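One gets the numbering used here by counting positions in the sequence shown from 1 and adding 42 to each.
Built from N, CA and C at the ideal position, the CB exists for glycine as well.
Please read these numbers as outputs of a predicted model, since none were measured by experiment.
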Amino acid sequence: MDQLIPIEGIEARILLIRGQKVMLDRDLAELYGVETNQLTRQVRRNIVRFPADFMFQLTREEVTNLMCHFGTSSWGGTRKLPFAFTEQGVAMLSSVLNSKRAILVNIQIMRTFTKLRTILASHEDLRKKIEAMENKYDTQFKVVFDAIKSLMSPLTKEQREIGFRKG
């Protein structure tokens, strides 16, 4: 029972909101095997453990954007705005949800965050190596380096939009 949840299942639940990698309360509750209201109740009882850099509540606009992004029309009748937990907030959850499953799930989540940091660091190293090669070689390879850079750069808002535009 060392690996309760595959890392891939956790990776899919890590979102980038407000420039931070976070997990939503409902996803965490599902992973921990508790109801979302039980998780948030424990958080509220221990709110001093969750400063703004550990947890924040999404705005209505952020929830709408997420629903559009995931193609859902509703989130099961959610009335309250969800909480988003940063890596530190997720780590703190293990102290307020004191069950064996919560501890095991937290270990997997921390491993996943570490794996994502490693991947991002290697991506940065690769970018630096390409730039060094670009500086070393003359302009005949400029087209190749520009193509590689465009593949490595994050998509702009216009590139991420899917659907039709009214003319």
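Taking 8 Å as the cut-off, does the region 142-150 touch the region 86-102 (at least 3 CB pairs, one atom from each stretch)? no
Where does Thr156 land, buried or exposed, given buried means 16+ other C-beta within 10 angstroms? exposed
Going by other Cβ atoms of all chains shown within 10 Å of its Cβ, with 16 needed for buried, is Glu173 buried or exposed? exposed
Rounding to the nearest angstrom, what Cα-Cα distance links Glu53 and Phe127 in this structure? 14 Å
Have a look at the DSSP bridge pairing and note the partners of Ile59. Gln62
Quick one: what's got a C-beta closer than 8 Å to Leu158's C-beta in the same chain, skipping five residues either side? Glu53, Ile56 and Lys63
By the 10 Å Cβ neighbour count, where 16 or more other Cβ atoms means buried, how is Met194 classified, buried or exposed? exposed
Is Met97 closer than 9 Å to Gly131 when the C-beta atoms are compared? yes
Am I right that Asp69 and Leu81 are in contact with their C-beta atoms under 8 Å? What's the rounded C-beta distance? Going by Cβ atoms, the distance from Asp69 to Leu81 rounds to 10 Å, so no, they are not a contact pair.
Does at least one heavy atom of the ligand SAM sit under 8 Å from the Cβ of Ile47? For the structure depicted, the ligand SAM is absent and the ligand set is empty, with no information on it obtainable.
Considering only C-alpha positions, which residue in the set Val105, Lys171 and Ala94 is nearest to Met134? Ala94
For Leu139, does the count of other Cβ atoms within 10 angstroms reach 16, so buried, or fall short, so exposed? buried
I'd like the list of long-range same chain contacts for Thr101, defined as Cβ closer than 8 Å, with 5 residues on each side in sequence excluded. Leu123
According to DSSP, simplified to helix, strand and coil, what is Ala249? Because the chain here runs from 43 to 209, residue 249 falls outside it and cannot be looked at.
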